[in-house]
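J.:
Numbering (my numbering), first residue to last: 139 to 426.
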């Protein structure tokens, strides 16, 4: 079978035309797909489904590392790895609860070092430390690799998908207000990501927030504080669960804001690409 190399062809329409002319018979569809994928879209910038938008963009490795250190799993979610991030999030909650790490941290910050040693489970802390270091290292390493892929994708300028629709739903690129997205995340963590169609990340943050806020009795404590019962509010708080919430809250705001900015950039890049391929050249001589 004759090999066809289309790497010098710069537009997808020309690639498809050449494939149709040069590849005969029933193998045409498969070969066209292969030519298109490896000639034009080896490096992808985004992927759209009716339920989610995922994209590859450059990140500061130290920022991602910091989020992995603040709450293991959040760094991977920031990189667009929601399933891997969810696994690490569940591990963090399980190991932290078993080792009573949050309670020990609270006692250490308040100077009660003896109480911190009493509540901490050394066996679980040892296991926790190993996985904790791995998660931080993995997020930093993955960020560096994705930055290289993102750089190649920007250089190759692959065609960008604008819309995806099927019988279960539809999704498309659109401009969003990053500040408004961050405000919704501040009201209820997870809503900003859901607005951006980052469905798995949004649902994970939303469910995690509601569950942990309920187990820590945070909303009950807020209600008691508003009615002046501050001592009762302090008594009902569960510090082991409560200390999970600050990292989730700040990440929801930061992550949704950054994702909104990047999706807006992707929308503008898709528009530029579409207009460059389809808009009439102003130098074209009209026949009439």
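Glycine included, C-beta positions come from ideal geometry on N, C-alpha and C.
So, do the segment 263-274 and the segment 198-207 have three or more beta carbon pairs nearer to each other than 8 Å?
T.: Yes, since at least three Cβ pairs between the segment 263-274 and the segment 198-207 fall closer than 8 Å, the two stretches touch.
J.: What first and last residue would you give for the beta strand (DSSP E) that runs through residue 310?
T.: Element bounds for residue 310: 307-310.
J.: With DSSP as the reference, identify every bridge partner of residue 190, one or two as the case may be.
T.: DSSP, once it has assigned bridges, lists 336 as partnering residue 190.
J.: Three or more beta-carbon pairs under 8 Å between the segment 401-419 and the segment 337-348, yes or no?
T.: Too few Cβ pairs lie closer than 8 Å, so no.
J.: Going straight from the alpha carbon of residue 366 to that of residue 323, what length do you get?
T.: So the alpha carbons of these two residues sit roughly 28 Å apart.
J.: Measuring only the C-alpha atoms, how far is residue 247 from residue 372?
T.: Taking the straight line joining both Cα atoms gives about 17 Å.
J.: Looking at the structure shown, is residue 355 part of a helix, part of a strand, or coil, going by DSSP?
T.: DSSP places residue 355 in coil when its eight states are reduced to three.
J.: Identify whether residue 182 lies in helix, strand or coil by the three-state DSSP scheme.
T.: Coil, per DSSP.
J.: Less than 6 Å between C-beta atoms, sequence neighbours within five positions excluded: which residues of the same chain meet that for residue 140?
T.: For residue 140, the pLDDT reaches just 47, beneath the cut-off of 50, and the residue's location in the model is therefore unreliable, although a value from the coordinates is still provided. Within the same chain, residue 140 has no close Cβ partners at all.
J.: Decide if the segment 307-316 is in contact with the segment 232-249; the criterion is three or more beta carbon pairs, one per stretch, under 8 Å apart.
T.: Too few Cβ pairs lie closer than 8 Å, so no.
J.: Could you tell me which residues DSSP pairs with residue 302 in its beta bridges?
T.: BP columns for residue 302 point to 309.
J.: Using the beta-carbon count (16 or more within 10 Å), is residue 230 buried or exposed?
T.: Under this definition residue 230 is a buried residue.
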